[in-house]
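A.B. asks: Below you'll find the structure I mean.
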Amino acid sequence: MLLQGTDLQILTQPLLRFDMRSSVLDWLGIILKRDLIIAFRRSSTYITPLVFFLIVITFFPLALGPQESLLSSLAPGVIWIAALLASLLAVESIFSEDFRDGSLDDFFVSLEPSFILVFAKVMIHWLITGLPILIASSLAAIILYLPLESFVPMILSLLLGTSFMSLLGALGAALSLGKSAILSAIIVLPFSIPTLLMGTSVVTFSLNNQDYSGFLMMMGAMLAIGIPLLCLLTVEALLLNYD
Amino acid sequence: MGSPPLFYRWSSKIIPWLGILAIIFLSVGLFWGLLIAPTDYKQGDVYRILYVHVPSAILGQSIFMFMAACGLINVVWRAKISGMMLKSAAPIGMSFTLIALVTGSVWGKPTWGTWWVWDARLTSTLILLFIYAALIGLYSSIDDKTKADRGVSILSIVGLAIIPVIKKSVDWWQTLHQPSTFTLTSSPSMSPEMYQPLLLCVIGFYLIFAFTLTLNLRNEVIDRERSKNWVKQIFVN
Chain U
1 MLLQGTDLQI LTQPLLRFDM RSSVLDWLGI ILKRDLIIAF RRSSTYITPL
51 VFFLIVITFF PLALGPQESL LSSLAPGVIW IAALLASLLA VESIFSEDFR
101 DGSLDDFFVS LEPSFILVFA KVMIHWLITG LPILIASSLA AIILYLPLES
151 FVPMILSLLL GTSFMSLLGA LGAALSLGKS AILSAIIVLP FSIPTLLMGT
201 SVVTFSLNNQ DYSGFLMMMG AMLAIGIPLL CLLTVEALLL NYD
Chain X
244 MGSPPLFYRW SSKIIPWLGI LAIIFLSVGL FWGLLIAPTD YKQGDVYRIL
294 YVHVPSAILG QSIFMFMAAC GLINVVWRAK ISGMMLKSAA PIGMSFTLIA
344 LVTGSVWGKP TWGTWWVWDA RLTSTLILLF IYAALIGLYS SIDDKTKADR
394 GVSILSIVGL AIIPVIKKSV DWWQTLHQPS TFTLTSSPSM SPEMYQPLLL
444 CVIGFYLIFA FTLTLNLRNE VIDRERSKNW VKQIFVN
């Protein structure tokens, strides 16, 4: 545990309150605060996916040659594949730490909604992997000669896509809790194909000056359905460990 | 049918019938399709692989739908037998999907000139194969079988929700990257002499599925209930 002294008191007190007076948003805030503190005390959690993303991006010009025309036409796919892989990298840590030290048990017995717990965990995962990748993607776009006009669609599609990946990743992590990290990747990757296809389509369409809003709406719809459905299924998957 | 001993007794009566019906439908359908049905004027006799390819492609998809329905029942009502059904159907569905892909590329070589094209249907069938692999991989990684059933059920529900999206997005992706030149697989007008044996083959393949599923399921039931009294009674006598 990376929490010490006073933080621990602040953070554990509300968890022990059984009177249901606290609203759902309080509960969400408590978990977010706790997990953000833990994440920022260990810088590797948010730096590793970021560095991984940039290294993968760098490998493509090295492997394919530095021609500008080739790289700019491949850029959407390259950025998207690197983003998917990087966001999968941290998937295992979503629940495993809490499961190992027993905090997950405490969350479940605290009588607070477990749906909110999972949602908060998804948000944390996005904040420590999706957001850095989102920021680094502009750098990647410059390295790969993506035209400036495609920056906004790329950021928008990555925003929706990495959020959906965090949702899927949480389910994969819950299903493969306590097992190898590669298993959760195998579980999650086939289901991430629509995100990959539509995300790259958004950027490619903007490269060709075509209307890409349809794909963005579709990705938004997937996210809107995914938040309730995948969070509920993730709760169900987590409960498998507590029979 | 819900309780394992009841299922075991009931299935032993139905298995020979399923087997006999499957043999009848398949032998008539395949004999008719492979030997009697007219030769295609463009492709010659090569097209006859369709009598294996199309039914297995249909089965690959509908077995997944069946599995997802089992998964939903297992998650909502915690019906044990539906979890076993899901587990027993997965390898069959994966095999049919694999057969569809292999026969498809064998068919593609003489007609399209390549083993593989990134056509929308081929791509989504390949993705379906990966999803089957993910389900089976997840199942084999969890030791407790009831838990494994529920884990796979949860994942199959996600699959049910996402497969239409995959199909649609692969369609868009394909029209984005290349004009659909290969409309061969989706020729809507097929002469009745070719269509009727195909129908028999499809029914025959469904019966084969029902037959192998029942056999698999019986094994699974016996395996999980091996310490129960009713199993001992059957095998000791």
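Going down the list, the protein sequences come from chains U and X.
Here the first sequence stands for residues 1 to 243, numbered as in the working numbering.
Here the second sequence stands for residues 244 to 480, numbered as in the working numbering.
Every residue gets a Cβ at the ideal spot worked out from N, C-alpha and C, and that includes glycine.
For clarity, every value in this text was computed on a predicted model and none was experimentally measured.
1. Can you tell me whether DSSP reads residue 392 (chain X) as helix, strand or coil?
2. Assign residue 329 (chain X) to one of two classes, buried (16 or more other C-beta atoms within 10 Å of its C-beta) or exposed (fewer than that).
3. Tell me where the alpha helix (DSSP H) around residue 452 (chain X) begins and ends.
4. Anything in the region 381-396 of chain X with a Cβ closer than 7 Å to a Cβ of chain U? List those residues in chain order, please.
5. Would a check of beta-carbon distances place residue 306 (chain X) closer than 9 Å to chain U?
6. If you draw a straight line from the C-alpha of residue 177 (chain U) to the C-alpha of residue 106 (chain U), how long is it?
7. Taking DSSP as the reference, what is the three-state secondary structure of residue 283 (chain X)?
8. Please classify residue 385 (chain X): does DSSP put it in a helix, a strand, or coil?
9. Sorted by chain position, which residues of the same chain lie with C-beta nearer than 7 Å to residue 203 (chain U)'s C-beta, five sequence neighbours on each side aside?
10. What would DSSP say about residue 431 (chain X), mapped onto helix, strand or coil?
11. Cutting at 7 Å between CB atoms, please list the residues of its own chain near residue 187 (chain U), excluding the five before and the five after it.
12. Considering only their Cβ atoms, is the gap separating residue 399 (chain X) from residue 322 (chain X) smaller than 9 Å?
13. How is residue 145 (chain U) classed by DSSP in three states: helix, strand or coil?
14. Could you give the first and the last residue of the continuous alpha helix (DSSP H) run that contains residue 300 (chain X)?
15. Just to check my reading of the structure: residue 318 (chain X) and residue 236 (chain U) have Cβ atoms closer than 8 Å, yes? What is that Cβ distance to the nearest angstrom?
16. Check this for me: beta carbons of residue 352 (chain X) and residue 361 (chain X), under 9 Å apart or not?
17. Could you give the C-beta distance for residue 294 (chain X) and residue 277 (chain X), rounded to a whole number, given that I count them as a contact under 8 Å?
18. Run down chain U in chain order and give the residues with a C-beta less than 7 Å from the C-beta of residue 412 (chain X).
19. With respect to the alpha helix (DSSP H) encompassing residue 100 (chain U), which residues constitute its N-terminal and C-terminal limits?
20. When the Cα atoms are used, what is the spatial distance from residue 333 (chain X) to residue 379 (chain X)?
21. Taking only beta-carbon atoms, is residue 326 (chain X) less than 9 Å away from chain U?
22. Closest by CA to residue 289 (chain X), which one among X:457, X:253, X:349?
23. I'd like to know if residue 431 (chain X) contacts chain U, where contact means its C-beta is closer than 9 Å to some C-beta of that chain.
24. Could you tell me the alpha carbon to alpha carbon distance between residue 475 (chain X) and residue 372 (chain X), rounded to whole angstroms?
25. Answer yes or no: does any C-beta atom of chain U fall closer than 9 Å to that of residue 477 (chain X)?
26. Unbroken beta strand (DSSP E) runs of length 3 or more, entirely within the region 313-372 of chain X: which are they?
27. Please state whether DSSP places residue 41 (chain U) in a helix, a strand or coil.
28. Does the structure place the region 35-42 of chain U close enough to the region 64-76 of chain U that three or more beta carbon pairs sit under 8 Å?
29. Taking all protein chains shown into account, do 16 or more other C-beta atoms lie within 10 angstroms of the C-beta of residue 210 (chain U), making it buried, or fewer, making it exposed?
30. Is the beta carbon of residue 125 (chain U) sitting closer than 9 Å to the one on residue 79 (chain U)?
31. Rounded to whole angstroms, what's the CA-CA distance from residue 481 (chain X) to residue 62 (chain U)? Just pull it up for me.
32. Would you call the region 43-55 of chain U in contact with the region 119-137 of chain U, where contact means no fewer than 3 C-beta pairs closer than 8 Å?
33. Tell me, please, whether the region 260-270 of chain X touches the region 454-464 of chain X by the rule of three or more beta-carbon pairs shorter than 8 Å.
34. Closer than 9 Å, CB to CB, is residue 218 (chain U) near chain X or not?
35. Specify, as a first and last residue, the run of the alpha helix (DSSP H) that residue 472 (chain X) falls within.
C.D. replies: Quick look at the numbers:
1. Position 149 of the second sequence, counting from 1, holds the residue named residue 392 (chain X). Of the three classes helix, strand and coil, the one that applies to residue 392 (chain X) here is helix, per DSSP.
2. Here residue 329 (chain X) refers to the residue found at position 86 when the second sequence is read from its first residue. So residue 329 (chain X) counts as buried.
3. Your numbering for residue 452 (chain X) matches position 209 in the second sequence. Residue 452 (chain X): member of the alpha helix (DSSP H) spanning 435-467, first to last residue.
4. The region 381-396 of chain X vs chain U, Cβ under 7 Å: 381, 384, 390, 393, 394.
5. Here residue 306 (chain X) refers to the residue found at position 63 of the second sequence. Answer no: the Cβ-Cβ gap between residue 306 (chain X) and chain U never drops below 9 Å.
6. Counting from one through the first sequence, the residue named residue 177 (chain U) turns up at place 177. Counting from one through the first sequence, the residue named residue 106 (chain U) turns up at place 106. Take the alpha-carbon of residue 177 (chain U) and the one of residue 106 (chain U): they are about 17 Å apart.
7. Along the second sequence, one-based indexing puts residue 283 (chain X) at 40. Under the three-state reduction of DSSP output, residue 283 (chain X) falls in the strand class.
8. The count along the second sequence starts at 1 and reaches residue 385 (chain X) at position 142. Three-state result, residue 385 (chain X): coil.
9. The residue labelled residue 203 (chain U) in the question sits at position 203 within the first sequence. Cβ neighbours of residue 203 (chain U) beyond the five flanking positions: 76, 150, 153, 154, 157.
10. Here residue 431 (chain X) refers to the residue found at position 188 when the second sequence is read from its first residue. Low per-residue confidence applies at residue 431 (chain X): pLDDT is 49, beneath 50, and the placement is therefore not dependable, though the value from the model is reported in the following sentence. In the displayed model, residue 431 (chain X) falls within coil according to three-state DSSP, outside both helix and strand.
11. Along the first sequence, one-based indexing puts residue 187 (chain U) at 187. Closer than 7 Å at the Cβ level, and outside the excluded window around residue 187 (chain U), lie 172, 175, 176.
12. Your numbering for residue 322 (chain X) matches position 79 in the second sequence. Your numbering for residue 399 (chain X) matches position 156 in the second sequence. Not in contact: residue 322 (chain X) and residue 399 (chain X) (Cβ atoms no closer than 9 Å).
13. Looking up residue 145 (chain U) in the first sequence gives position 145. Residue 145 (chain U) falls in the coil class under three-state DSSP.
14. As a working note, residue 300 (chain X) is residue 57 in the second sequence. Following the DSSP letters along the chain, one finds residue 300 (chain X) inside the alpha helix (DSSP H) bounded by residues 293-320.
15. In the second sequence, the residue the question calls residue 318 (chain X) occupies position 75. In the first sequence, the residue the question calls residue 236 (chain U) occupies position 236. Correct: roughly 6 Å between the Cβ atoms.
16. Indexing the second sequence from 1 puts residue 352 (chain X) at position 109. Indexing the second sequence from 1 puts residue 361 (chain X) at position 118. Taking a C-beta distance under 9 Å as the contact criterion, residue 352 (chain X) and residue 361 (chain X) do not qualify as a contact pair.
17. Within the second sequence, residue 294 (chain X) is the residue found at index 51, counting from 1. Within the second sequence, residue 277 (chain X) is the residue found at index 34, counting from 1. Confirmed, about 6 Å.
18. Numbered from 1 along the second sequence, position 169 holds the residue referred to as residue 412 (chain X). Correct list: 194, 197, 198.
19. In the first sequence, the residue the question calls residue 100 (chain U) occupies position 100. From DSSP, the alpha helix (DSSP H) with residue 100 (chain U) extends over 96-101.
20. Stepping through the second sequence from its first residue, residue 333 (chain X) is reached at position 90. Stepping through the second sequence from its first residue, residue 379 (chain X) is reached at position 136. Computed Cα separation, rounded: 7 Å.
21. Working through the second sequence from its first residue, we reach residue 326 (chain X) at position 83. At a cut-off of 9 Å between beta-carbon atoms, residue 326 (chain X) makes no contact with chain U.
22. The residue labelled residue 289 (chain X) in the question sits at position 46 within the second sequence. Comparing alpha-carbon positions, the option among X:457, X:253, X:349 lying closest to residue 289 (chain X) turns out to be X:349.
23. Your numbering for residue 431 (chain X) matches position 188 in the second sequence. Per-residue confidence for residue 431 (chain X) stands at a pLDDT of 49, beneath the threshold of 50, marking its modelled position as unreliable; no derived number is given.
24. Within the second sequence, residue 475 (chain X) is the residue found at index 232, counting from 1. Within the second sequence, residue 372 (chain X) is the residue found at index 129, counting from 1. Each residue's Cα considered, the two are about 38 Å apart.
25. Walking along the second sequence from the start, residue 477 (chain X) turns up at place 234. With its beta carbon at least 9 Å from every one in chain U, residue 477 (chain X) lies outside the interface.
26. Runs of the beta strand (DSSP E) inside the region 313-372 of chain X: none found.
27. The count along the first sequence starts at 1 and reaches residue 41 (chain U) at position 41. DSSP, reduced to helix, strand and coil, places residue 41 (chain U) within a helical segment of the structure shown.
28. In short, these stretches do not touch, since the Cβ pair count stays below three.
29. In the first sequence, residue 210 (chain U) corresponds to position 210, counting from 1. Residue 210 (chain U) comes out exposed.
30. Here the question's residue 125 (chain U) lines up with position 125 in the first sequence. Here the question's residue 79 (chain U) lines up with position 79 in the first sequence. No, the Cβ-Cβ distance between residue 125 (chain U) and residue 79 (chain U) is not below 9 Å.
31. This structure leaves residue 481 (chain X) out entirely; chain X is present only between 244 and 480.
32. Three or more Cβ pairs closer than 8 Å define a contact, and the region 43-55 of chain U meets that threshold against the region 119-137 of chain U.
33. Result yes; three or more Cβ-Cβ pairs closer than 8 Å.
34. As a first step, residue 218 (chain U) must be located in the first sequence, where it is residue number 218. Cβ-Cβ to chain X under 9 Å: yes for residue 218 (chain U).
35. For this step, residue 472 (chain X) is matched to residue 229 along the second sequence. Boundaries of the alpha helix (DSSP H) harbouring residue 472 (chain X): 472-479, taken from the DSSP string.
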